[in-house]
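Residue numbers (the UniProt record's numbering): 1 to 725. Heads up, the beta-carbon is just placed ideally off N, CA and C, and yes, glycines get one too. Here's the structure we're looking at; comments come further down.
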Amino acid sequence: SLYVSEYFSQSAQKLSFYSWYGNAKLFHFHVPEDTVLLRWLLQASRGKGPECTSMEITVHFRHGAPPVINPLGTRFPANATVRPSYNISITLSSAVQNTTFVNVTTPAAGHWFIAAHLPEAAGRIEVKGFSTPCPYMFQADMFVLRLTDMPVLEPGVPMPHTVVSPAKPLHVKVFVPKHAAGMRFQLSSCVTSEQRACTVRVLLGSITLPQSFQRSLTCTGSINCSLALDSPPWEKWLQIMVESLGTSNASVSLEMLASFTVCRPGSTSSFLNFISLNQSQAGARPGAAGEAPRNASGRGSSCLQSQPVVREDLDVVSVRYRLLNGPSVPVSSLSPTLLLLNLNTGTDSGGSLVVNLLLNKTSVSLANATVAACVSAASPVLSLNATRNCSTAFSQGYPLSVSTSSTEAMLIVLYPQTDDWFLSLQLLCPKGQGECASAEGKVTVFAYLTPCFNDCGPYGQCSLLRRHGFLYAGCSCKAGWGGWSCTDDTKAQTVGTQNLATLLLTLSNLMFLPAIAVAVYRFYLVEASVYTYTMFFSTFYHACDQPGVAVMCIMDYDTLQYCDFLGSVVSIWVTILCMARLKKILKYVLFVLGTLLIAMSLQLDRRGVWNMMGPCLFALLIMVTAWVHHGAKRRHCYPSSWKRWVFYLLPGITLAFIAISVYAFMETNENYYYTHSIWHVLVACSVAFLLPPRDKHKKPWAWSQKLTCRYQICQNDREELYAVT
Numbered sequence: 001s002l003y004v005s006e007y008f009s010q011s012a013q014k015l016s017f018y019s020w021y022g023n024a025k026l027f028h029f030h031v032p033e034d035t036v037l038l039r040w041l042l043q044a045s046r047g048k049g050p051e052c053t054s055m056e057i058t059v060h061f062r063h064g065a066p067p068v069i070n071p072l073g074t075r076f077p078a079n080a081t082v083r084p085s086y087n088i089s090i091t092l093s094s095a096v097q098n099t100t101f102v103n104v105t106t107p108a109a110g111h112w113f114i115a116a117h118l119p120e121a122a123g124r125i126e127v128k129g130f131s132t133p134c135p136y137m138f139q140a141d142m143f144v145l146r147l148t149d150m151p152v153l154e155p156g157v158p159m160p161h162t163v164v165s166p167a168k169p170l171h172v173k174v175f176v177p178k179h180a181a182g183m184r185f186q187l188s189s190c191v192t193s194e195q196r197a198c199t200v201r202v203l204l205g206s207i208t209l210p211q212s213f214q215r216s217l218t219c220t221g222s223i224n225c226s227l228a229l230d231s232p233p234w235e236k237w238l239q240i241m242v243e244s245l246g247t248s249n250a251s252v253s254l255e256m257l258a259s260f261t262v263c264r265p266g267s268t269s270s271f272l273n274f275i276s277l278n279q280s281q282a283g284a285r286p287g288a289a290g291e292a293p294r295n296a297s298g299r300g301s302s303c304l305q306s307q308p309v310v311r312e313d314l315d316v317v318s319v320r321y322r323l324l325n326g327p328s329v330p331v332s333s334l335s336p337t338l339l340l341l342n343l344n345t346g347t348d349s350g351g352s353l354v355v356n357l358l359l360n361k362t363s364v365s366l367a368n369a370t371v372a373a374c375v376s377a378a379s380p381v382l383s384l385n386a387t388r389n390c391s392t393a394f395s396q397g398y399p400l401s402v403s404t405s406s407t408e409a410m411l412i413v414l415y416p417q418t419d420d421w422f423l424s425l426q427l428l429c430p431k432g433q434g435e436c437a438s439a440e441g442k443v444t445v446f447a448y449l450t451p452c453f454n455d456c457g458p459y460g461q462c463s464l465l466r467r468h469g470f471l472y473a474g475c476s477c478k479a480g481w482g483g484w485s486c487t488d489d490t491k492a493q494t495v496g497t498q499n500l501a502t503l504l505l506t507l508s509n510l511m512f513l514p515a516i517a518v519a520v521y522r523f524y525l526v527e528a529s530v531y532t533y534t535m536f537f538s539t540f541y542h543a544c545d546q547p548g549v550a551v552m553c554i555m556d557y558d559t560l561q562y563c564d565f566l567g568s569v570v571s572i573w574v575t576i577l578c579m580a581r582l583k584k585i586l587k588y589v590l591f592v593l594g595t596l597l598i599a600m601s602l603q604l605d606r607r608g609v610w611n612m613m614g615p616c617l618f619a620l621l622i623m624v625t626a627w628v629h630h631g632a633k634r635r636h637c638y639p640s641s642w643k644r645w646v647f648y649l650l651p652g653i654t655l656a657f658i659a660i661s662v663y664a665f666m667e668t669n670e671n672y673y674y675t676h677s678i679w680h681v682l683v684a685c686s687v688a689f690l691l692p693p694r695d696k697h698k699k700p701w702a703w704s705q706k707l708t709c710r711y712q713i714c715q716n717d718r719e720e721l722y723a724v725t
């Protein structure tokens, strides 16, 4: 046999601490057909700085869809199916780099996904620029070894083959036709080249992660051995590997036979389905064109009843399935009713498949009858009366049931794998199928694919994520809620706590009122206007920024955030320049020029620390230069009054330093609502202390006296008129 090796690589990604699915870095690969060996090369590295410590990286694997993970141990939504992902841990301790290999023999062809992340996030709010986080990088490469001329086993035809040696197993494949109800594999005439009894092991199927349903069969001697499989995957190549278990290097000759039991479906013709589709779109009664042919098909002469389903694409990772014969499907005990849910486009595995069943009570004549249902991928479950666990040859389906006592059932499949999905329904009776042979039930089926189930609820936001053209969705929760769909209320904030947080963050801005009053009293009207602007937009930004139900947005969120950040930085800028006691024309020029530059820098990077520190340091440099100039001109320290230093400047500077410390080092996601409120109070109070006193030649409210100049105007007019006469 001719083997070909191939190599696939993707660029490295910077890992993040985990708080929601968007923090996990996703890698998407495609494994070609006839692959006999898959090897992952996982490379993890970290920076060399002192901030880099030992770290454990968790890597998850899954075939067909992104892995469903739960590092935080939160609850999933009710009726959701969750199967643990296959994962490994990579530790970065003293070594800067770690290389790990993961081998998978006879892997399933198609889409494979890898997700990597760091441990749970600490929840600390870090100001960009104050600290340098350690970079942790991860890269996944894939090596595959595949056969270019894998022998094909024809159904129903015995084929002789030879296993050359125990080190070189035999690989063959057989194509499973559509509507295959069962498969039987038989191995016979097994003998070694030394004419001794042989011992071989046969592996049917491919390995899929996190769960693998590969079937194994051990054959000893020349006695025929066989294996029967129910519901093999339809319209797919099935790999079969035969390896010799003998101790010698002798070759083994054997004969293999694969046979299938095909189920003949009973359904309406495609032409009548097309007519039914046109009539339903034109407003006719759905199912009118398919009633007679469905009854005429005869349930007794077929092993399943196939109902036509139309896939309707609505949006990205959003699909609705519509039954041509109406939302209600007939279900009997003679043969299962089958619905095909097509999810094999390669772009459907990033959402959630929701199947909802509703039983019509009046349609079931037996009170104790139950409609059993199975949702499975690749192949349908065709024996619901005997197999209540919904298992097929190489996969495990998801069971559902409705009855007269429980008429509704729902199933949520998170990140369904790329494949054809099937919904099988059958009527079951506790005393056997003879009891309900003539009974029939009506079940309404609603099936759809959605990016996020229930749109993440009231305490979550559904985000569409992308990795190299592959789109998938995840929920980002707020107000302490957690879980895959933000349904876990273990750490959720109560409504009272949410109201308290909103009140603290908004009403704490009222502490700017004393600063505004001091500025107006001392004739600093421009500064007072800036403080009023900051107080207004900070109040309504935090009213709109709340994660819970206590939210009020008077305008677009992004606009409120920008205005809040702009007002905060400009307030610091004008306060320090006001303390410098510059000439008015120079001060106002710096006011305007600095505000324009701050607005530009905030547009470039809104959360950068230098957007605040840069204007502050430059303003402090101007203030110190001006104070030195004033002191040198007066030949004594400036400000000259010790009372000014003790009762105003030192308290104001202390409050400002405490505010910066709280803002930069103490804020976390849990204490944000009161630590940030403290920041508001401290900054507003420091402004009131730091504003310089008014000029000595001006009286308080002197601006109002300048407006009452009517008598002076009249006196001037009289003097002018007197001169004319």
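Do residue i and residue j have their CB atoms nearer than 9 Å?
| i | j | result |
| --- | --- | --- |
| Pro547 | Gln498 | yes |
| Ser640 | Met612 | no |
| Leu425 | Leu357 | yes |
| Thr450 | Ser352 | yes |
| Phe185 | Leu229 | yes |
| Leu341 | Asp420 | yes |
| Thr99 | Leu41 | yes |
| Leu72 | Gly482 | yes |
| His28 | Arg467 | yes |
| Leu304 | Leu382 | yes |
Give me whichever residues DSSP pairs with residue i in a beta bridge.
| i | result |
| --- | --- |
| Cys462 | Cys475 |
| Glu243 | Arg201 |
| Gly110 | Val31 |
| Ile412 | Ala80 and Val354 |
| Met142 | Phe8 and Trp40 |
| Glu255 | Pro160 and Ser188 |
| Arg311 | Tyr321 |
| Asn419 | The sequence shown places Asp at residue 419, rather than the Asn named in the question. Answer is Leu343, bridged to Asp419. |
How is the beta strand (DSSP E) around residue i delimited, first residue to last?
| i | result |
| --- | --- |
| Ile90 | Tyr86 to Leu92 |
| Pro336 | It is not in any beta strand (DSSP E) - Pro336 carries neither H nor E in the DSSP assignment. |
| Pro514 | First-last for Pro514: Phe512 to Tyr521, but that is the alpha helix (DSSP H), not the beta strand (DSSP E). |
| His63 | Met55 to His63 |
| Ala447 | Glu440 to Thr450 |
| Phe647 | Phe647 -> no beta strand (DSSP E), and no H or E assigned at all. |
| Asp230 | Cys225 to Asp230 |
Thinking just about the alpha-carbon of each residue, which of the options is nearest to the one in residue i?
| i | options | result |
| --- | --- | --- |
| Leu427 | Gly474, Leu359 and Glu56 | Leu359 |
| Ser89 | His117, Tyr415 and Lys431 | His117 |
| Gly614 | Val570, Pro133, Ala181 and Phe512 | Val570 |
| Phe61 | Glu33, Ser19, Ile114 and Asn70 | Ile114 |
| Ala121 | Tyr18, Ile207 and Phe512 | Tyr18 |
| Val309 | Leu357, Phe446 and Ser251 | Phe446 |
| Ala543 | Met511, Ser251, Thr502 and Phe565 | Thr502 |
| Ile576 | Phe27, Lys643, Glu408 and Gly652 | Gly652 |
| Met55 | Gly64, Gln307, His63 and Ala44 | Ala44 |
| Ser212 | Gly346, Ser85 and Trp610 | Ser85 |
| Thr347 | Phe453, Tyr472, Pro430 and Leu382 | Tyr472 |
| residue 806 | Ala373, Val520 and Tyr415 | The structure shown does not extend to residue 806, since the chain is modelled only from 1 through 725, so no value can be given for it. |
| Tyr3 | Leu560, Glu667, Leu170 and Ser391 | Leu170 |
Just to confirm the assignment, what range does the alpha helix (DSSP H) spanning residue i have?
| i | result |
| --- | --- |
| Val592 | Lys584 to Leu604 |
| Glu527 | Leu525 to Cys544 |
| Ser568 | Tyr557 to Met579 |
| Asn611 | Trp610 to Arg634 |
| Gly496 | Val495 to Leu507 |
| Thr675 | Tyr672 to Leu690 |
| Ser376 | It is not in any alpha helix (DSSP H) - Ser376 instead sits in the beta strand (DSSP E) that spans Thr370 to Ala377. |
| Pro399 | No alpha helix (DSSP H) holds Pro399; the beta strand (DSSP E) holding it covers Tyr398 to Ser403. |
Just to check, is the beta-carbon of residue i closer than 8 Å to a non-hydrogen atom of the ligand GTP?
| i | result |
| --- | --- |
| Thr575 | By its list of ligands, the structure shown contains no ligand whatsoever, and the ligand GTP lies outside what it can speak to. |
Closer than 9 Å, CB to CB, is residue i near chain C or not?
| i | result |
| --- | --- |
| Ala664 | In the structure shown, chain C cannot be found, because there is only a single protein chain. |
Taking contact to mean 3 or more Cβ pairs, one atom from each stretch, closer than 8 Å, check whether the region 141-154 and the region 36-48 are in contact. The region 141-154, when compared against the region 36-48, does touch it at the 8 Å Cβ threshold.
Three or more C-beta pairs below 8 Å linking the region 213-222 and the region 148-158: No, they do not touch.
Hey, is the region 188-205 in contact with the region 240-259, meaning 3+ C-beta pairs nearer than 8 Å? Per the Cβ contact rule, the region 188-205 is in contact with the region 240-259 (3 or more Cβ pairs under 8 Å).
Should the region 678-694 be called in touch with the region 507-519, which here means at least 3 C-beta pairs below 8 Å? Inter-segment contact for the region 678-694 and the region 507-519 is present: three or more beta-carbon pairs are separated by less than 8 Å.
Are the region 192-202 and the region 240-250 touching, with three or more C-beta to C-beta distances below 8 Å? These segments touch.
Meets three-Cβ-pair contact criterion under 8 Å: the region 20-31 and the region 457-474: With a cut-off of 8 Å, the region 457-474 and the region 20-31 count as touching, because enough Cβ pairs lie within range.
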